[in-house]
Amino acid sequence: MQVAIPLYPRFTALDAVGPYTVLAFAPGFTVTFVAAEPGPVTDDKGSLTLEATASYASVPRPDVILVPGGIGTFDALGDQALLDWITEAHPHSRWTTSVCSGALLLGAAGLLDGRKATTHWALLEHLATYGAEPVSERTVVEGKIVTAAGVSAGIDMALTLLAQASDVETAQAVQLAIEYDPQPPFNAGSPRTAPAGLAERAIQLIV
Numbered sequence: 001m002q003v004a005i006p007l008y009p010r011f012t013a014l015d016a017v018g019p020y021t022v023l024a025f026a027p028g029f030t031v032t033f034v035a036a037e038p039g040p041v042t043d044d045k046g047s048l049t050l051e052a053t054a055s056y057a058s059v060p061r062p063d064v065i066l067v068p069g070g071i072g073t074f075d076a077l078g079d080q081a082l083l084d085w086i087t088e089a090h091p092h093s094r095w096t097t098s099v100c101s102g103a104l105l106l107g108a109a110g111l112l113d114g115r116k117a118t119t120h121w122a123l124l125e126h127l128a129t130y131g132a133e134p135v136s137e138r139t140v141v142e143g144k145i146v147t148a149a150g151v152s153a154g155i156d157m158a159l160t161l162l163a164q165a166s167d168v169e170t171a172q173a174v175q176l177a178i179e180y181d182p183q184p185p186f187n188a189g190s191p192r193t194a195p196a197g198l199a200e201r202a203i204q205l206i207v
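Following full-length UniProt numbering, the numbering of the sequence shown begins with 1 at its first residue and continues without gaps.
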């Protein structure tokens with residue numbers, strides 16, 4: 001099972017690395033970071049660089065497309081090479097997926113019209129721009145399109161995908177292998193549970 005994760009300037013690292021870790025641990029999966037041209041791509045904090053080891057042209061038909069988000073998404077919406085790759089690869093994929101604002105790129109590629117989808121809570125209503133029905137859930141499965149909410153939700157999405165692509169026991173084994181057993185010290189991971197006024201401060205951290 002070939003998984004391709006496109007990288008673009010100012011992507012969010014965990015959007016890509018969280019699902020990468022889940023799927024790289026899974027038997028029979030190969031994960032490749034791709035870009036318009038092979039080379040280093042730096043994240044949205046400017047301090048972490050991942051290497052795209054293949055070009056879009058060299059991975060035209062991956063089994064899984066996994067599009068990360070990040071503040072760079074808004075510039076990437078004008079990246080025709082990336083959008084064309086998503087559009088052209090999607091008909092041949094078994095699953096086309098996104099994390100966080102990566103869903104906007106699926107929308108811009110014309111894949112979300114009439115579908116339920118999710119993204120980071122601060123951007124959720126933007127999905128309607130692309131004809132999608134915004135859903136406030138960690139992971140939304142609509143046929144072969146799977147979208148995840150913000151950043152950390154990419155791990156949940158990858159485990160959900162793995163259970164479908166392989167089986168539940170394999171997904172559970174990977175979850176145990178990476179000791180994904182969230183026990184956050186605060187109940188502030190959603191606007192529904194966070195203290196009043198915290199959303200504004202959180203948004204300032206990501207723009």
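The C-beta atom is built at its ideal place from N, Cα and C for all residues, glycine as well. What you are looking at is a predicted structure, and each value in this text was computed from that prediction instead of being measured.
Looking only at its own chain, which residues have a Cβ that is under 6 angstroms from the Cβ of residue i, when we skip the five neighbours before and after it?
| i | result |
| --- | --- |
| Thr42 | Thr49 |
| Arg94 | Asp63 |
What is the DSSP secondary structure of residue i, counted as helix, strand or coil?
| i | result |
| --- | --- |
| Leu50 | strand |
| Thr87 | helix |
| Glu142 | strand |
| Gln2 | strand |
| Gly70 | coil |
| Ile206 | helix |
| Ala117 | strand |
| Thr147 | strand |
Taking the Cβ atom as the reference point for each residue, do residue i and residue j lie within a distance shorter than 9 angstroms?
| i | j | result |
| --- | --- | --- |
| Pro62 | Asp15 | no |
| Glu51 | Phe33 | yes |
| Val140 | Gln164 | no |
| Ala196 | Ala188 | no |
| Thr118 | Thr147 | yes |
| Thr87 | Ile145 | no |
| Val3 | Phe29 | yes |
| Ala128 | Arg115 | no |
| Ser166 | Pro40 | no |
Express the C-alpha separation of residue j and residue i in angstroms, rounding to a whole number.
| i | j | result |
| --- | --- | --- |
| Thr21 | Ala153 | 13 angstroms |
| Pro191 | Leu124 | 12 angstroms |
| Tyr130 | Val17 | 27 angstroms |
| Phe11 | Gly70 | 4 angstroms |
| Lys45 | Pro184 | 23 angstroms |
| Pro6 | Leu198 | 32 angstroms |
| Ile72 | Gly102 | The amino acid at residue 72 is misidentified as Ile; the sequence shows Gly. So the two alpha carbons sit approximately 10 angstroms from each other. |
| Ile155 | Trp121 | 17 angstroms |
| Gln175 | Asp181 | 8 angstroms |
| Arg138 | Thr53 | 30 angstroms |
| Val151 | Pro38 | 24 angstroms |
| Ala13 | Gln172 | 24 angstroms |
| Leu23 | Leu162 | 7 angstroms |
When the Cα of residue i is compared with those of the options, which residue comes out closest?
| i | options | result |
| --- | --- | --- |
| Ala76 | Ala36, Leu112 and Ala194 | Ala36 |
| Leu112 | Gly143, Gly46, Ala122 and Val3 | Gly143 |
| Ala81 | Val64, Val140, Leu105 and Ser101 | Leu105 |
| Leu66 | Lys116, Ala171, Ala199 and Leu159 | Leu159 |
| Ser55 | Tyr8, Ala26, Gly78 and Arg201 | Tyr8 |
| Met1 | Val64, Val59, Ser47 and Thr53 | Val64 |
| Pro91 | Asp181, Ala149, Ile155 and Gly110 | Gly110 |
| Ile206 | Cys100, Arg115 and Ser166 | Cys100 |
| Val59 | Val31, Pro19 and Val135 | Val31 |
| Ala57 | Trp85, Glu137 and Gly39 | Trp85 |
What residues in its chain sit with their C-beta under 8 angstroms from that of residue i, if we drop five residues either side in the sequence?
| i | result |
| --- | --- |
| residue 218 | One cannot answer for residue 218 here, as it falls past the ends of the chain, which runs 1 to 207. |
| Ala177 | Phe25 |
| Ile203 | Ala122 |
Quick one: is residue i near chain B, going by C-beta distance under 9 angstroms?
| i | result |
| --- | --- |
| Phe11 | Reference to chain B is not applicable here, since this structure consists of a single protein chain. |
For residue i, I'd like the list of residues in its chain whose CB is within less than 7 angstroms of its CB, leaving aside the five on either flank, ordered along the chain.
| i | result |
| --- | --- |
| Val135 | Lys116, Ala117 and Thr118 |
| Ala89 | Pro60, Arg61, Pro62 and Ile65 |
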